[in-house]
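So for the sequence shown, the numbering used here puts the first residue at 230; every next one is plus one.
Some notes on the structure that comes next.
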Amino acid sequence: MIEILTPAELARARDTGALVADTLRTLRGRSTAGTNLLDIDRWAREMIVDAGATSCYVDYAPSFGRGPFGHHICTAVNDAVLHGMPHDYRLADGDLLTLDLAVSLGGIAADSAISFVVGGPAAPESSALIRATEDALATGISAIRPGARLGDVSHAIGSALAEAGYSVNTEFGGHGIGSTMHQEPHVPNIGRPGRGYRLRPGLLLALEPWVMADTSRLVTDADGWTLRSATGCRTAHSEHTIAVTEDGAEILTGTSREGGAS
Numbered sequence: 230m231i232e233i234l235t236p237a238e239l240a241r242a243r244d245t246g247a248l249v250a251d252t253l254r255t256l257r258g259r260s261t262a263g264t265n266l267l268d269i270d271r272w273a274r275e276m277i278v279d280a281g282a283t284s285c286y287v288d289y290a291p292s293f294g295r296g297p298f299g300h301h302i303c304t305a306v307n308d309a310v311l312h313g314m315p316h317d318y319r320l321a322d323g324d325l326l327t328l329d330l331a332v333s334l335g336g337i338a339a340d341s342a343i344s345f346v347v348g349g350p351a352a353p354e355s356s357a358l359i360r361a362t363e364d365a366l367a368t369g370i371s372a373i374r375p376g377a378r379l380g381d382v383s384h385a386i387g388s389a390l391a392e393a394g395y396s397v398n399t400e401f402g403g404h405g406i407g408s409t410m411h412q413e414p415h416v417p418n419i420g421r422p423g424r425g426y427r428l429r430p431g432l433l434l435a436l437e438p439w440v441m442a443d444t445s446r447l448v449t450d451a452d453g454w455t456l457r458s459a460t461g462c463r464t465a466h467s468e469h470t471i472a473v474t475e476d477g478a479e480i481l482t483g484t485s486r487e488g489g490a491s
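Laid out in structure tokens, this is it:
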């Protein structure tokens with residue numbers, strides 16, 4: 230089912246998006262060399278609970294995972310890119326860390342991911358990976374407007390990733406979001422313009438371009454969740470929750486600078 234939010238629900242979605250953005254911003258600032266991934270998970274839990282919200286991941290048990298996930302945030306390091314399960318690992322300078330957080334507040338969910346290098350300076354390969362996903366995300370958002378097709382969004386994302394020199398994996402992509410974290414429609418990171426579902430105001434989409442430096446093939450960790458590059462190369466992942474509006478798109482999980490797009 231594709232869910233279209235009412236104006237009142239969209240107002241609640243803005244609150245959820247702001248919570249996700251603020252939590253990720255705080256966690257990024259606290260993720261320094263020596264920080265344990267389990268501490269990041271604990272900090273996320275504390276902030277979510279203090280806000281009266283719930284993590285969408287704790288009880289998450291899809292068919293592809295060894296569920297339930299049992300943690301409050303995904304923490305993927307270096308060659309890990311999706312569903313990174315927090316574990317007893319201390320970050321080192323130069324690690325490429327992805328934090329992926331989905332939270333429900335007031336009955337509405339929002340989902341966002343950021344990739345960044347711990348400490349610095351970042352190696353050129355890591356900077357290029359992160360920049361490619363961020364640029365593809367911005368390009369995908371710019372294609373969102375009422376009446377546009379879902380394929381327009383997927384094509385924009387895939388074209389940006391290909392132009393940056395990366396191959397696109399089609400196993401995992403973006404998704405609809407609303408009263409639950411994962412809904413229809415599926416938003417592949419590559420597609421054909423002019424095809425697919427026609428976007429309507431009130432639809433929420435979580436766009437999430439992700440890439441691996443020299444492969445498009447994933448392997449699954451022994452934990453049954455963490456997805457890594459098959460070659461051990463570095464990876465990056467960027468995500469925002471977007472609302473289709475009457476005149477364009479609104480970024481619900483962005484900073485104040487990113488708060489709207491059209």
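Even glycine gets a Cβ: it sits at the ideal position worked out from N, Cα and C.
In the DSSP assignment, Ser344 falls within the beta strand (DSSP E) that extends over 337-346. Every unbroken stretch of the beta strand (DSSP E) spanning 3 or more residues and falling wholly within the segment 406-489 is given here in chain order: 412-416, 433-436, 439-441, 447-449, 456-458, 464-466, 469-474, 477-480. Burial state of Ile419 is buried, judged by a 10 Å Cβ sphere holding 16 or more other Cβ atoms.
Going by C-alpha positions, His469 is about 12 Å away from Ala478. Counting only residues of its own chain and dropping the five nearest sequence neighbours on each side, Ser445 has a CB closer than 7 Å to the CB of Ser396, Val397, Asn398. Taking C-beta separations shorter than 6 Å and ignoring five residues to either side along the sequence, the partners of Asp329 in its chain run Cys303, Ala342, following chain order. Between the segment 418-433 and the segment 319-335, the count of Cβ pairs shorter than 8 Å is below three; the stretches do not touch. Bridge partners of Val306 according to DSSP: Leu326. The closest CA to that of His411, considering only Gly425, Gly263, Leu433, is found on Leu433.
If you check the CB distance, Ile406 and Ala338 come in under 8 Å.
Of Arg463, His300, Glu232, Trp439, the smallest CA-CA separation from Glu354 is found for Arg463. In this structure the segment 311-320 touches the segment 445-460; the number of beta carbon pairs closer than 8 Å is three or more. C-alpha of Val346 to C-alpha of Val416: approximately 27 Å in a straight line. Counting C-beta atoms within 10 angstroms of its own C-beta, Thr252 has 16 or more neighbours from the protein chains shown and is therefore classed as buried. Around the beta carbon of Pro438, a 10 Å sphere encloses 16 or more other beta carbons of the protein chains shown; the residue is thus reported as buried. Taking the Cβ atoms as the reference, Thr482 lies roughly 5 Å from Val249, within the contact range of under 8 Å. In the structure shown, Ile370 falls within a helical segment according to DSSP collapsed to helix, strand and coil.
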